[in-house]
Ligand code: SAH
Ligand code: F3S
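Numbering (full-length UniProt numbering), first residue to last: 1 to 487.
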């Protein structure tokens, strides 16, 4: 078992397993406890689930002992993620012994991967629901109420939950996630996502705009457009991305791609900060970068996973670009948006990875000097192409040693990047109190770097110009100068 490490987690580690609660409706008699693991999309999905169940008579609770229904939204991306969930199920089992009427449901990627096998493997589980089946929850809950187990792991061609008004749970009231695509068609050979989240489909831009406008009305100041591969966004009236060929001429002529969507959102709310995640190098086009440059409210930050710096490994991973093409993209980004921050995802110890390949990864990092990084040791996932066709042949100690090396290099680069901000005045959106000091605010600049500064008279949700005086490899420290013109 590999213990993954990363300089910065995709999700704050402290958020993993966090429970969600929303304003309670007094007419609701039953209590739902929901815990989420994994990527931001899962956290966003839990908000959809809570919204669907609020209409079914469930209020959320943060106290496991009060719960009538316990749901755990799971992640399958690495083996460790699945083991964490198994441990939580043991805990739920212990509670269930004293509360036999409590029901337990598993949602998300692990539910999709294991399907009804879950019910055999984990006897305490009553319900297994895949990521495209949440609208069926009312029926499934009726089944388990009547004493039967319930499973729905059907993947959909068109489900985007565009019509479910999501509730914002445990939110800071400032930044929110808006999902724009579901599924992934890329079939990277190491990755389980295409199997657990199905084929790629895009959400109606109209429903995205409505959600963004509604968030602005509610006082939110920043949104992140979410998808496994946002640059591949393509709306042509509904349906799978892969079926675009079969669309009518009219549908093709009126289709909206990612650059088009970004522009629509940027124009709809010119004071709202707009972020997006994740970009796939093979699908990121110049028009996206140009749109970012054109609108001040689109943040100058791109999460651009590369996974490896070796052409041979990129090919074996079925990443559909070369190292050279990646450099060309990086050069274009820096040319069009000189102050754009870029972050990576990297995997060490993919099958057959040699020292030479690893050195290619280090030299690629040296070229880009990423602002942040999320780095992992390869974890073989059942059912993926790599698992079926390749032996997991890199010993754990070598995977870990290489991981340590790339993490150390990333730390050097992160520090190099934070130093570039010293002495500058940058706009920061205040998200909340700094974790380390109650007298300081914490927020982010456009480049997504965390900035802390003394609170003075400013408040959460304010846009403030901050002079950057000091830095660590992860944080900028400064002082507020004035409200920014965006305020
Ligand atoms: N496109 C997605 C990627 C999802 S997985 C997104 O929206 O971020 C996030 C990261 O986990 C990947 O970029 C990859 O670096 C890592 N990862 C995926 N499968 C993995 C595996 N089998 N072993 C180790 N890391 C993995
Ligand atoms: Fe996974 Fe590659 Fe898609 S990492 S989510 S198959 S872009």
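Backbone N, C-alpha and C fix where the C-beta goes; we use that ideal spot for every residue, glycine too. Just so we're clear, the structure is a prediction, and the values are computed from it rather than from any experiment.
- Here residue 416 carries a helix assignment [DSSP, helix/strand/coil].
- A distance of 8 angstroms or more separates the beta carbons of residue 159 and residue 184.
- In this structure, DSSP gives residue 289 a helical state, which the three-state scheme calls helix.
- Within the UniProt domain "MTTase N-terminal" (30 to 146), the beta strand (DSSP E) runs of at least 3 residues that lie entirely inside it are, in chain order, 30 to 36, 58 to 60, 69 to 74, 103 to 108, 127 to 129.
- Apart from sequence neighbours up to five positions away, the residues of its chain that approach residue 314 with a beta-carbon distance below 6 angstroms are 308, ordered along the chain.
- CA-CA distance, residue 272 to residue 41, rounds to 21 angstroms.
- The Cβ atoms of residue 48 and residue 161 sit closer than 8 angstroms to each other.
- In the structure shown, residue 258 falls within a helical segment according to DSSP collapsed to helix, strand and coil.
- By alpha-carbon distance to residue 395, the top candidate from 365, 351, 371 is 351.
- The alpha-carbon separation between residue 317 and residue 198 amounts to approximately 19 angstroms.
- Residue 108 counts as buried, since at least 16 other C-beta atoms from the protein chains shown sit within 10 angstroms of its C-beta.
- The Cβ atoms of residue 348 and residue 402 sit closer than 8 angstroms to each other.
- A heavy atom of the ligand SAH is found nearer than 7 angstroms to the CB of residue 378.
- Residue 306 and residue 65 have their C-alpha atoms roughly 43 angstroms apart.
- Ranked by Cα distance from residue 73, the first of 59, 50, 57 is 50.
- For residue 16, no alpha helix (DSSP H) encloses it, and the DSSP letter there is neither H nor E.
- In this structure residue 481 is exposed. Its beta-carbon is surrounded by fewer than 16 other beta-carbon atoms within 10 angstroms.
- If you look at residue 175, you'll find it in the beta strand (DSSP E) that goes 175 to 179.
- Across the set 260, 218, 196, 112, the C-alpha of 260 shows the shortest separation from the C-alpha of residue 180.
- Within the model, the alpha-carbon separation for residue 415 versus residue 372 is close to 10 angstroms.
- Under the three-state reduction of DSSP output, residue 353 falls in the coil class, being neither helix nor strand.
- Of the candidates 146, 29, 125, 152, the residue whose Cα lies closest to the Cα of residue 135 is 152.
- Take the alpha-carbon of residue 147 and the one of residue 84: they are about 28 angstroms apart.
- Restricted to the region 155 to 225, the alpha helix (DSSP H) segments that are unbroken, complete and at least 4 residues in length are 193 to 197, 205 to 217, listed in chain order.
- Only exposed fits residue 138, as fewer than 16 other CB atoms lie within 10 angstroms of its CB.
- Under the DSSP assignment, residue 249 falls in the alpha helix (DSSP H) whose first and last residues are 249 to 253.
- Assignment of residue 424 by DSSP, reduced to helix, strand and coil, places it in the coil class.
- Rounded to whole angstroms, the separation of the alpha carbons of residue 52 and residue 141 is 12 angstroms.
- Within its own chain, no residue has a Cβ closer than 6 angstroms to the Cβ of residue 420 once the five positions on either side in sequence are excluded.
- When DSSP reads this structure, residue 440 sits in a beta bridge with 454.
- Using a C-beta cut-off of 8 angstroms, the region 280 to 287 makes contact with the region 318 to 328, since at least three inter-stretch Cβ pairs fall below that distance.
- The count of Cβ pairs closer than 8 angstroms, one atom from the region 372 to 383 and one from the region 337 to 348, reaches three, so the stretches are in contact.
- With 16 or more other CB atoms across the displayed protein chains lying within 10 angstroms of its CB, residue 266 is buried.
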